[in-house]
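In full-length UniProt numbering, the protein residues as written are 1 to 412.
For glycine and all other residues, C-beta sits at the position ideal for the given N, C-alpha and C.
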Amino acid sequence: MEHGESDASAASSAAAKEKHQSSSNLTDKLIDRMVAAALPSTVDPNDLDVRIQRQKGRPPFSIQLTSRNFRKMTSRVGVVYEVYYLVNEFLNWKNPSLTLTVLSIYSFACLNPRIILTLPSAGILLWVMVPAYSARHPPPPSELQSNPVVSSGPPLKPPAIPKPVPDLSREFFLNMVDTQNAMHDFVVVYDSIVSILSSIALFANDETRSSLVYAVLTLATVLAYVLAPVLYEYIPWRVVFLLIGWTALVARYPFNNEHTKRHIDTVNNKLKTVSDGLSHKLDDISRMEFGQLDPLEHREVEVFEVQWFNPEHGQWDPSIYISDPFVPSKFRPTTPSPPSSHSLSEILPPMDWVFSYKHWDLDYTPISWVTSRQLTHLFEIDDDEKWVYDIEGDNPTWRRRRWVNTCTRKSR
Numbered sequence: 001m002e003h004g005e006s007d008a009s010a011a012s013s014a015a016a017k018e019k020h021q022s023s024s025n026l027t028d029k030l031i032d033r034m035v036a037a038a039l040p041s042t043v044d045p046n047d048l049d050v051r052i053q054r055q056k057g058r059p060p061f062s063i064q065l066t067s068r069n070f071r072k073m074t075s076r077v078g079v080v081y082e083v084y085y086l087v088n089e090f091l092n093w094k095n096p097s098l099t100l101t102v103l104s105i106y107s108f109a110c111l112n113p114r115i116i117l118t119l120p121s122a123g124i125l126l127w128v129m130v131p132a133y134s135a136r137h138p139p140p141p142s143e144l145q146s147n148p149v150v151s152s153g154p155p156l157k158p159p160a161i162p163k164p165v166p167d168l169s170r171e172f173f174l175n176m177v178d179t180q181n182a183m184h185d186f187v188v189v190y191d192s193i194v195s196i197l198s199s200i201a202l203f204a205n206d207e208t209r210s211s212l213v214y215a216v217l218t219l220a221t222v223l224a225y226v227l228a229p230v231l232y233e234y235i236p237w238r239v240v241f242l243l244i245g246w247t248a249l250v251a252r253y254p255f256n257n258e259h260t261k262r263h264i265d266t267v268n269n270k271l272k273t274v275s276d277g278l279s280h281k282l283d284d285i286s287r288m289e290f291g292q293l294d295p296l297e298h299r300e301v302e303v304f305e306v307q308w309f310n311p312e313h314g315q316w317d318p319s320i321y322i323s324d325p326f327v328p329s330k331f332r333p334t335t336p337s338p339p340s341s342h343s344l345s346e347i348l349p350p351m352d353w354v355f356s357y358k359h360w361d362l363d364y365t366p367i368s369w370v371t372s373r374q375l376t377h378l379f380e381i382d383d384d385e386k387w388v389y390d391i392e393g394d395n396p397t398w399r400r401r402r403w404v405n406t407c408t409r410k411s412r
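Shown next, in the form of structure tokens:
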């Protein structure tokens, strides 16, 4: 009897769990549909479609899944911030022995590049495996502050395997604080990079400066490729990288850092006037050289006025306007079916273009477009009214004539 009650309880629990999961999935799908329908897109629809295709096979947007993944990531991301603070201490001389040690390794790597190949394996040995072994074989008690001799024999402690921190713990809260500040740092760095690129490389606002930068970078790329053998042979690159690394770190030493900042501020104040004048001069040069390279682009567009002869009424049906001359073919239907407009005023320009003129011009030389398309064996031309008829015996079924206009690309 007790066994039957436990089975019934388990079945009801499973049914409740399945019902809750089904309800959750329905809620997630509803939210996904609402977000997709309500939020506007700020990117090219084609790029958006490509990204959607790439996301196939991955879970869709879900508030519960986002919350669960955020908790999992926050409980495991502590090691990333430990490395971040370690690098920060190294760069800012907060731990001088660490900075000098890294600089020594960097110096040996610059003078003997073969050492670089040993760094990954040496790093795993010194910072992963040796501490892990020392944790299982702690050194015996000693009067020394640090005893580098580990205990011999079997392991004395369990392995120190990193585990996620509990959700309700101080470490979890500290990880959330670091994640919050890291998001702000990312925003600042991203906005700074976009601001710099917008002023010199993204052809925003005044395109002449970006054109000048493009020309300079192109010339620099060509010169670097041509002069690469000479530069590689006659420049002591090992010494160059050694001096760059030491100069950058020594300049960040606390005393030197303050002195460097004051010196940079002084130099910046002195050079501000010169830099402004040089910037205006470069802008003038770029406008002079590149300001007239990109006039508005113009293209000719065409439509064809097509009419079908209705044998029942003995006259031509009203015109339709399509994008091709409707070439005779055995697969062509007996009545007009392609996408069409019923008047020239209904025709819209291509995307990002505008019509240069409100009126359309009739093509008075139909022989030119018939010949260029190699359709002379299919069409017969009426030079008076400029209609081009099908060659289908005495009573042609179709006729068409060409209208043209000019489009101008929009300038933004």
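State buried or exposed for residue i, treating a residue as buried only when at least 16 other CB atoms are found within 10 Å of its CB.
i	result
residue 401	buried
residue 121	exposed
residue 390	buried
residue 54	exposed
residue 204	exposed
residue 249	buried
residue 68	exposed
residue 330	Below a pLDDT of 50, predicted positions are generally treated as unreliable, and residue 330, at 46, falls in that range; no measurement from the model is reported.
residue 226	exposed
residue 181	exposed
residue 127	exposed
residue 405	buried
residue 58	exposed
residue 112	exposed
residue 175	buried
residue 159	exposed
residue 108	exposed
residue 325	buried
residue 70	exposed
residue 66	exposed
residue 51	exposed
Nearest chain C C-beta to residue i closer than 9 Å, yes or no?
i	result
residue 173	The chain labelled as chain C is not found in the depicted structure, where only one protein chain is given.
If you drop the 5 nearest sequence neighbours on each side, which residues of the same chain put their C-beta closer than 6 Å to that of residue i?
i	result
residue 396	389 and 390
residue 344	360
residue 409	297 and 353
residue 310	317
residue 164	75 and 76
State yes or no: is the C-beta of residue i within less than 9 Å of the C-beta of residue j?
i	j	result
residue 354	residue 323	no
residue 77	residue 221	no
residue 139	residue 148	yes
residue 320	residue 306	yes
residue 110	residue 241	yes
residue 162	residue 87	no
residue 93	residue 99	yes
residue 75	residue 166	yes
residue 103	residue 246	yes
residue 415	residue 150	Residue 415 cannot be examined here, being either before or after the span of the chain that is shown, 1 to 412.
In whole angstroms, what is the alpha-carbon distance linking residue i and residue j?
i	j	result
residue 197	residue 124	38 Å
residue 336	residue 316	Legend: pLDDT at residue 336 = 49, less than 50; position of this residue unreliable, value from coordinates given subsequently. Computed Cα separation, rounded: 12 Å.
residue 367	residue 318	24 Å
residue 351	residue 213	30 Å
residue 312	residue 373	32 Å
residue 172	residue 155	30 Å
residue 189	residue 201	17 Å
residue 117	residue 252	28 Å
residue 403	residue 346	14 Å
residue 314	residue 358	34 Å
residue 239	residue 91	21 Å
residue 137	residue 153	8 Å
residue 195	residue 217	19 Å
residue 364	residue 399	15 Å
residue 119	residue 72	31 Å
residue 185	residue 83	16 Å
residue 89	residue 95	6 Å
residue 231	residue 141	58 Å
residue 114	residue 106	12 Å
Residues in the same chain with beta-carbon distance under 7 Å from residue i, minus the five sequence neighbours each way, listed in chain order, please.
i	result
residue 384	none
residue 370	376, 379, 381 and 388
Please list, in chain order, all residues of the same chain as residue i whose beta carbon is under 8 Å from its beta carbon, the five residues on each side excluded.
i	result
residue 407	298, 299, 300, 301, 349, 350, 353, 354, 355 and 356
residue 342	318, 319, 320 and 321
Quick check: is any heavy atom of the ligand MN less than 8 Å from the C-beta of residue i?
i	result
residue 169	As far as ligands go, the structure on display features none, and thus does not contain the ligand MN.
Q: Tell me the start and end of each unbroken alpha helix (DSSP H) in the segment 354-403 that is at least 4 residues and wholly inside, in chain order.
A: Those alpha helix (DSSP H) runs which fall completely within the segment 354-403 and span 4+ residues are 366-372.
Q. Which ranges does the alpha helix (DSSP H) cover as unbroken runs of at least 4 residues, wholly within the segment 156-206, from first to last along the chain?
A. Counting only runs of 4 or more, we get 170-200.
Q.
At 4 residues or longer, what runs of the alpha helix (DSSP H) sit wholly inside the segment 95-147?
A. The segment 95-147 contains these whole alpha helix (DSSP H) runs: 96-111, 115-124 and 130-136.
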